[in-house]
Structures are given as structure tokens and as C-alpha cells.
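Remarks on the structure that follows.
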Amino acid sequence: MINGASAIFFIIIFSKNLKTAPMKALPFLIITNLLTTIAWILYYFSYQISGIIYTVLIFSLQPLLVYAASLIFLKEKFHWKKFAAFMITLAAIIISQINLA
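Residue numbers for the sequence shown follow our numbering, beginning at 116 and rising by one.
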């Protein structure tokens with residue numbers, strides 16, 4: 116009920132600024148939604164198999180994977196600060212895994 120009310124509220128407020136997506140973007144939107152749905156299903160399935168702690172640790176690598184994909188597929192520029200932040204995060208994950216074991 117609250118989600119529907121918020122959606123109506125935001126539609127009323129931002130209706131002047133709404134833009135339509137081009138039709139050639141529709142397949143990409145559908146693929147994105149399908150992959151997101153699959154990711155959430157696997158996320159909850161991972162809770163059952165691995166537990167909450169390991170699932171969260173694995174999914175905390177997601178920003179690193181997205182950044183790597185943006186470098187490869189979108190040819191974005193490499194930034195040392197982002198890379199260093201990801202390496203610190205990865206080191207923290209490895210240290211926490213060692214402490215859990």
C-alpha cells in the first residue's frame with residue numbers, strides 16, 4: 116500500500132520531467148530486468164546454501180566486478196583511487212574469511 120502511494124506521489128511530482136526511452140533500448144531494459152531477477156533469486160538461494168555471512172561477503176565483491184566490467188566492456192578510464200579502494204575491500208574480505216575459519 117505504501118509503495119503504491121509513494122509511486123503515485125512521485126509520478127505526480129515528476130510527471131513534467133518524464134522522458135520516454137527509445138524503442139531500441141527496450142531489449143536492453145528487458146535483459147537487465149531478467150538478470151536482476153535472476154540475481155535476487157540466486158541471492159536468496161545463497162542464503163540457504165552458504166548462510167548470511169558468506170553470502171554478504173561474496174556479494175560485497177559486486178562493485179569490483181561492475182568496475183572491472185565497465186573497464187572491459189564500456190572502455191572506461193582506469194582510476195587508481197577506485198582500484199585501491201577495491202583492493203582494500205578485497206583485503207578486508209580475505210582477512211574476515213581467515214578470521215572466520
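For each residue, glycine too, the CB sits at the ideal point set by N, CA and C. These figures come from a predicted structure and were not determined experimentally.
Contact between L179 and L205 holds: CB atoms are separated by about 7 Å, below the 8 Å threshold.
By alpha-carbon distance to Y169, the top candidate from A122, Q212, F124, G119 is Q212. Every alpha helix (DSSP H) stretch that sits fully inside the region 122-166 and reaches 4 residues is listed by chain position as 141-165. Between the C-alpha atoms of L141 and A154 there is a straight-line separation of about 20 Å.
Assignment of L176 by DSSP, reduced to helix, strand and coil, places it in the coil class. Within the same chain, and ignoring the five residues on either side of F193 in sequence, the residues whose Cβ sits closer than 8 Å to its Cβ are L186. Between S175 and I208, the gap from beta carbon to beta carbon is short of 9 Å. Listed in chain order, the beta strand (DSSP E) elements of length 3 or more contained wholly in the region 177-206 amount to none.
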